[in-house]
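Asker: Input: one structure, supplied below.
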Amino acid sequence: MTNATNSTAQYQLNTSSLVGPVLIYLAIIVYGSLLPFHWNGLSLSAAWSNFQHIPLLKLGVASRADLVANLLLYIPFGLLLCGWLVGENRQPRLMSTGMLLSLLLSLTVALGVEFIQQFFAPRTVSLNDIFAEIAGSILGIALWPVIGKHLTRLPQTIGNGGTQAREGILVAYALLYAVLSLFPYDFLLSFDEWRDKLASGAAGWVFAPNCGEKCFLRLIPEALLVAPLAALIFRQPRQPPLPSLLLSATITGAILGVLIESLQLTIASGISQGASVISRAAGLALGAGLIPVATGVDWPALRRYINPVLALCILPYLGALAWLNGWFSGDRLGVSEGLEKLGDIHFAPFYYHYFSTETVALASLLFQAALYLPIGAGLWLWHWSSFRSEWQQDRQRRTVVAGLVAGIVACIIEAGKLFITAKHPDPTNILIAVAAAMGAYRVLHALSIPQTDTPASSARFKPEEIASRHYLTPILEKFAEIPRAEQLLSKERPRWTVAAGVLAIVFATWAVVTTPLSTGWVFLSLIIYATLLWRQPGLWLVCVPALLPLLDLTHWTGRLFWTEFDTVLLVTLGVGYLRLGSRLPPQRSLRRFGRLLFFLFVLSAAISFVIGLFPLAILDHNAFSSYISSYNALRAGKGLLFVLAFMPLLALQWEEPLRATNRLALGMTLGLAGTVAYVLWERATFPGLFNFEDDYRITGPFPGMHVGGAYIEAFLTATLPFVALLAWEQRRAWVTLLAVGLYGLGGYSVMVTFSRGGQAAFALGSLVLLLGFLKLAARGNSHRFSNMVAVILIAGVATVITWPIFSGQYSQTRWAIAERDMDVRAAHWDDVVSIIQRQNASLFGMGLGSFPAAYFWNSNAPSRPATYGFVNENGNSLLRLGSGDPLYFEQTVAVVAEQSYTLAMDLRTKTGNPILIPVVCEKAMLYSYTCANPPLRINAPDRNWFHLEVQIHAKNFGPPGSRLPRPVILSLYNGEPGTVVDVDNVRLLDISGKNLVRNGDFSDGMHHWFFSTDNYWPWHVENLYLSVFFEQGWFGLLCFLALIGYAIVRWLPRAWRDDPLSLVLCASFTAFLAVGVLNSWSDEPRLSFLFYLLLIAGLIAEAPFVQTRQHSAMMRNNP
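Structure representation (structure tokens):
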């Protein structure tokens, strides 16, 4: 017998062997897509005309399973195609060419099948299906380099038998169990769907109310199906005592049950109940309890009892089979009547499955397979017991015999249904019976083949190591390609890293699925990013800072509490934790005192988080669409939370300090370059690059500035020092020249914020940077003169660029009124302190993210910002606009200059006689230019809906003499004090009747909508230190100041000696803290993440030197 391990090690993929599977799977796609083959007689010309106008349907939850089915159908096709065309080739050019050809072929098949579907009723064609099929193909193609070869190896491995075959079968079963647990993946994507699901009675603490008796009966199969997982989870060379094993299995089963039942809540067709948690715990305990029993049984000694037992089971089995197929239910028909039914039977495989839902079809398939599995298992047991030494021979013929026996029995069972009134035969069940019996026979045969010893010369690992290794080890070794890949599944691997990584990937996937953006390109981008990180794990230190300022599309998505950058962070954490393996950094990644200060600050933040979060608000459309919500604590705290999660990855990077420093500098520089490019576009599009007289202050790629704030200047001034660091570390002329230009453009960007605090912070940071690098250049032994010239050149260019802006009329005007503005700011601070005092919250603060709500309810200010909210009336969502300080509820629309549009909406007044002002403007985030704004005074009886339409002409839209189109925004504003107006069904129709407004019925709440305001005081404390005090009290403020003071004290001596990173961190934090004197930037999660990431990076960077020497000494003493 061929040794399984040798065959695995020597396995070479023959791409020609995949031609057959590709063609077979292509036939499956075509067959499944055209079933039930009802020709409708459509002409070719009509089909082509229809195909050119394929609709994009707005699908509800009822159709979501169909969409997911199309996606899943094309994943194996893309994988097999890529395997055929790419094979084991890893040359980038050939590999990318093969993957591109695979995508083109998949796209051709998808389009061809969709086109042909038009000729078969009741098939329908939509862009939704095409997009899902393309997404499935892309996913399959992306999976080939990861697991493709190993999936093709799996059949051979199982066929060879032995330990790896058993492991492979168990892993395949576990994957199948996980995949089917959430089928059909009709995830809930809106609050209305969640509300309907929770009201449907599909969830219960013990049993789901609407499930009835079947929920009780399903507990037995749930327990039995989870039992085999125990053989995978608790397989150990030395088994623990049975009580300990059973306790571990029960706890693990309960955790698994809680996870599955919780996820079942997220799908429309899922049923969640506490009893299922208990059944899974009992099932896993049953499986674990059988492990010592199975290992202690003398199986060969039982052979003589097998045949008698099988003989006794035949009749009960056939009776149960007939009963479960309904032979004993309903009225009987005569022979002639039964034969008449035969003429109505459709013999096309899976014909009847097409006319049922995905869930029912899958349940029917699995049920029928389970009915006929015993035939295959019984025949294998009979062969095993009857042919003591020859039972392994002639495997193929005996497998076919098992299939034939099952097929004959299924024919008899299905034929019997002809004579039962309430039943009809399904020929597909015969095919399922054959496949199930043959599969059972082959699996049992593979499990029973003994494993021969592996010759030492050919085994990569020792035999005793192979016995304890996981089947997926070669897969992970091949894909990771790192020297210590074998440690990934060793006993030393901390299991929490795997769990954390998988959890992060699951949440990232959920974020992608629920994004208001096009899911396809977001998902594809993240797959590419994850693949890149898996290949080069350290690149996250470049990618995360580079993407930080650019990936917030809130003004398009409307998601205030979750950005695309957050999803990138989750993917980064997921891949990073899965790649950690046993390479966890030393536990003492910070010095003891620094670790204590950081712990105290995190403790303060945690206390403040709980204070801000509770009491919990109702989970509806308003929960995550307003900063006044208590859930704003989640938004405010996620920056620090993400940094805590990144600490192991950050410490791991500093095992190589120089490379980590270069990566960080490169990432920060790329992020700055992207921001500067955005600022240049913004200035060129709106006021003009060299217009320093008009009132225009940039916002950059920070949508959070829709309520004001100092986010753009804080980011620019804190990031600019890293440009100098990159040039210093690279020591190349072209890098230095680029750094000089970028630093100058960065200075330009800071100055056109016209923020006095930002301009002062830029000057202070640049001064620290200039003096520090001049000292470093003077201490250098080589290139001293050129280094000093480069430093002076950077400062000189920045001065030349920024001085004209600083001396311009608008900038000087702002500095002239600084004293007056300071009085207004001081009055605001007094109001903030009075709120804290009235609430007696000086010790631990008001809570994270609580300022907007606290100001709204407790401020002494004479006015409040206008309100907005979503109301659900009898299943219909609508927008309710209150009055107050101007607040514009808005959405970006694709308006073309000089075109006419019809603005339509349904309105209802609640109080008074409101004036609704719909405005269509060329608009930056805070500044409007050309507008069309007909004011609408609502003259209608209270509480009565009426429809309104107005004509809008985009006259004079487009900046004169510029090729850069300005974005156009539709804004809604209630301009009458003391009134409330309800808005629904907002539409902006072009001349062709196309609606340019998305989510105009507000069924998805805030999705695609945004808001801006003219009054910024209600949203910010406008002082970093007072903001920390407001949210975290004296305890948090003292911890914050102590932590920052400790960090600067640690960095300053190192910067004075010869450490450019410490110098740059000092300059960066000087800018951060200087901006914070007049502004509170910490309420922007991305900036708080950057602040704490740099803080921890700096503390880790100065800590590991002593630890590394200790670690090296330990390794020398303990080889």
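Note that full-length UniProt numbering gives residue 449 to position 449 of the sequence shown, counting from 1, and the numbers run on in steps of one. Beta carbons: idealized from backbone N, C-alpha and C, even for Gly. If you're wondering where the values come from, they're calculated on a predicted model, not measured in any experiment.
Three or more C-beta pairs closer than 8 Å, one from the segment 1041-1060 and one from the segment 695-712: is that the case here?
Answerer: At 8 Å Cβ cutoff, the stretches do not touch.
Asker: Following the continuous beta strand (DSSP E) through Gln-891, name the residue where it begins and the one where it ends.
Answerer: Here residue 891 corresponds to residue number 891 of the sequence shown, with the count starting at 1. It spans 887-893 - the beta strand (DSSP E) in which Gln-891 sits, taken as one unbroken run.
Asker: Measuring straight from C-alpha to C-alpha, what distance separates Val-542 and Phe-599?
Answerer: Walking along the sequence shown from the start, residue 542 turns up at place 542. Walking along the sequence shown from the start, residue 599 turns up at place 599. Spanning the two alpha carbons is a distance of roughly 27 Å.
Asker: Please give the ranges of any alpha helix (DSSP H) in the UniProt domain "VanZ-like" (24-147), keeping only runs that are unbroken, at least 4 residues long and fully inside the region.
Answerer: With a minimum length of 4 residues, the continuous alpha helix (DSSP H) runs that stay inside the UniProt domain "VanZ-like" (24-147) are 44-51, 64-86, 92-117 and 127-143.
Asker: At the level of alpha carbons, what is the spacing between Thr-1070 and Pro-965?
Answerer: Mapped onto the sequence shown, residue 1070 falls at position 1070. Mapped onto the sequence shown, residue 965 falls at position 965. If you take the alpha carbons of Thr-1070 and Pro-965, they lie about 38 Å apart.
Asker: Considering Lys-923, what are the terminal residues of the beta strand (DSSP E) in which it resides?
Answerer: What you label residue 923 is simply residue 923 of the sequence shown in a count that begins at 1. Here the beta strand (DSSP E) through Lys-923 covers 915-923.
Asker: Return helix, strand or coil for Gln-951, following the three-state DSSP convention.
Answerer: By one-based count along the sequence shown, residue 951 stands at place 951. Here Gln-951 sits in strand by DSSP.
Asker: Please state whether the Cβ-Cβ distance between Val-258 and Tyr-185 is less than 8 Å.
Answerer: Along the sequence shown, one-based indexing puts residue 258 at 258. Along the sequence shown, one-based indexing puts residue 185 at 185. No, the pair does not count as a contact, with Cβ atoms beyond the cut-off.
Asker: Distance, Cα to Cα, His-445 vs Trp-380?
Answerer: For the purposes of this step, residue 445 is taken as the residue at position 445 of the sequence shown. For the purposes of this step, residue 380 is taken as the residue at position 380 of the sequence shown. Taking the straight line joining both Cα atoms gives about 7 Å.
Asker: Based on DSSP bridge pairs, tell me the residues matched to residue 1122.
Answerer: What the structure shows of the chain is the stretch from 1 to 1119, and residue 1122 is not part of that stretch, so it cannot be assessed.
Asker: Per DSSP, what are the beta-bridge partners of Arg-880 in this structure?
Answerer: Sequence index remark: in the sequence shown, residue 880 carries index 880 (1-based). Note: Arg-880 sits in a beta bridge opposite Gly-869 and Asp-982.
Asker: Any idea which residues DSSP pairs Cys-931 with across the strands?
Answerer: The count along the sequence shown starts at 1 and reaches residue 931 at position 931. Answer by DSSP bridge pairing, in chain order: Cys-921.
Asker: Return the first residue and the last residue of the beta strand (DSSP E) that Tyr-973 is part of.
Answerer: Here the question's residue 973 lines up with position 973 in the sequence shown. Tyr-973 -> beta strand (DSSP E) spans 968-974.
Asker: Who are the near neighbours of Ile-306 in its chain, counting only those whose CB is closer than 6 Å to its CB and skipping five residues on each side?
Answerer: Locating residue 306 in the sequence shown gives position 306, where the first residue counts as 1. Leu-381 and Ser-385, listed in sequence order.
Asker: Classify Ala-818: buried if its beta carbon has 16 or more other beta carbons within 10 angstroms, exposed otherwise.
Answerer: To locate residue 818, count along the sequence shown from 1; it is residue 818. It is exposed - the Cβ of Ala-818 has fewer than 16 other Cβ atoms within 10 Å.
Asker: Would you identify the three-state DSSP class for Leu-689, choosing helix, strand or coil?
Answerer: By 1-based counting over the sequence shown, the position of residue 689 is 689. Of the three classes helix, strand and coil, the one that applies to Leu-689 here is coil, per DSSP.
Asker: Measuring straight from C-alpha to C-alpha, what distance separates Arg-535 and Leu-503?
Answerer: Position 535 of the sequence shown, counting from 1, holds the residue named residue 535. Position 503 of the sequence shown, counting from 1, holds the residue named residue 503. Answer to the nearest angstrom: the Cα atoms are 20 Å apart.
Asker: Can you pull the DSSP bridge partners for Gln-273?
Answerer: Counted from its first residue, the sequence shown places residue 273 at position 273. BP columns for Gln-273 point to Gly-204.
Asker: Ordered along the chain, which non-local residues of its own chain (more than five positions away) have a Cβ less than 7 Å from that of Ala-135?
Answerer: As a first step, residue 135 is located in the sequence shown; it is residue number 135 there, counting from the start. Excluding residues within five positions, the ones whose Cβ falls inside 7 Å are Leu-71, Gly-520 and Phe-523.
Asker: Assuming Val-920 and Val-950 make a contact with CB atoms under 8 Å, what is their CB distance in whole Å?
Answerer: In the sequence shown, residue 920 corresponds to position 920, counting from 1. In the sequence shown, residue 950 corresponds to position 950, counting from 1. With a Cβ gap of about 10 Å, Val-920 and Val-950 do not count as contacting.
Asker: Measuring CB to CB, does Glu-222 end up less than 8 Å from Gly-283?
Answerer: Indexing the sequence shown from 1 puts residue 222 at position 222. Indexing the sequence shown from 1 puts residue 283 at position 283. It is a contact, given that the beta carbons lie within the stated cut-off.
Asker: Evaluate the contact criterion for the segment 622-632 versus the segment 1025-1035: three or more CB pairs, one atom per stretch, below 8 Å.
Answerer: No: fewer than three Cβ pairs fall under 8 Å.
Asker: Check whether the segment 681-692 touches the segment 734-741, taking contact to mean three or more Cβ pairs, one atom from each stretch, closer than 8 Å.
Answerer: No, because fewer than three Cβ pairs between the segment 681-692 and the segment 734-741 fall closer than 8 Å, the two stretches do not touch.
Asker: Identify whether Thr-509 lies in helix, strand or coil by the three-state DSSP scheme.
Answerer: For the purposes of this step, residue 509 is taken as the residue at position 509 of the sequence shown. If DSSP states are grouped into helix, strand and coil, Thr-509 belongs with the helices.
Asker: Confirm, please, whether the CB-CB distance from Ala-422 to Ser-329 is below 8 Å.
Answerer: Here residue 329 refers to the residue found at position 329 of the sequence shown. Here residue 422 refers to the residue found at position 422 of the sequence shown. Closer than 8 Å, so yes.
Asker: Using beta-carbon positions only, say whether Ala-1103 and Arg-591 come within less than 8 Å of one another.
Answerer: As a working mapping, residue 1103 is identified with position 1103 in the sequence shown. As a working mapping, residue 591 is identified with position 591 in the sequence shown. Yes, they are a contact pair.
Asker: At a cut of 8 Å, does the segment 865-880 reach the segment 640-649 through at least three beta carbon pairs?
Answerer: In short, these stretches do not touch, since the Cβ pair count stays below three.
Asker: In its own chain, which residues sit with a C-beta less than 6 Å from the C-beta of His-947, not counting the 5 before and 5 after it?
Answerer: Indexing the sequence shown from 1 puts residue 947 at position 947. Taken in chain order, the residues that qualify are Asp-906.
Asker: Among the residues of its own chain, which have a CB less than 6 Å from the CB of Asn-662, if the five just before and after it don't count?
Answerer: For this step, residue 662 is matched to residue 662 along the sequence shown. Cβ within range, chain order: Glu-729.
Asker: Need the endpoints of the beta strand (DSSP E) that Ser-1012 sits in, please.
Answerer: Taking the sequence shown and counting its residues from 1, one reaches residue 1012 at position 1012. Here the beta strand (DSSP E) through Ser-1012 covers 1010-1013.
Asker: Using DSSP bridges, identify the partner residues of Thr-909.
Answerer: Position 909 of the sequence shown holds residue 909. Thr-909 is bridged to Val-981.
Asker: By Cβ distance, which residues of its chain are closer than 6 Å to His-953, with the 5 residues on each side in sequence left out?
Answerer: To locate residue 953, count along the sequence shown from 1; it is residue 953. So the qualifying residues of the chain are Ser-900.
Asker: So, using beta-carbon positions, are Asn-1023 and Val-1075 closer together than 8 Å?
Answerer: The sequence position of residue 1023 within the sequence shown is 1023, counting from 1. The sequence position of residue 1075 within the sequence shown is 1075, counting from 1. Cβ atoms of Asn-1023 and Val-1075: not closer than 8 Å.
Asker: If you follow the alpha helix (DSSP H) that His-424 is in, where does it begin and where does it stop?
Answerer: On the sequence shown, position 424 is the one that residue 424 refers to. Careful: His-424 lies outside any alpha helix (DSSP H) and carries neither H nor E.
Asker: Under the rule that 16 or more other beta-carbon atoms within 10 Å means buried, what is Trp-540, buried or exposed?
Answerer: As a position in the sequence shown, residue 540 is number 540, starting the count at 1. Counting Cβ neighbours within 10 Å, Trp-540 comes out buried, since at least 16 surround it.
Asker: Can you confirm whether the segment 431-438 touches the segment 407-418 when touching is taken to mean that 3 or more C-beta pairs between the two stretches lie within less than 8 Å?
Answerer: Touching, yes, given that three or more Cβ pairs across the two stretches are closer than 8 Å.
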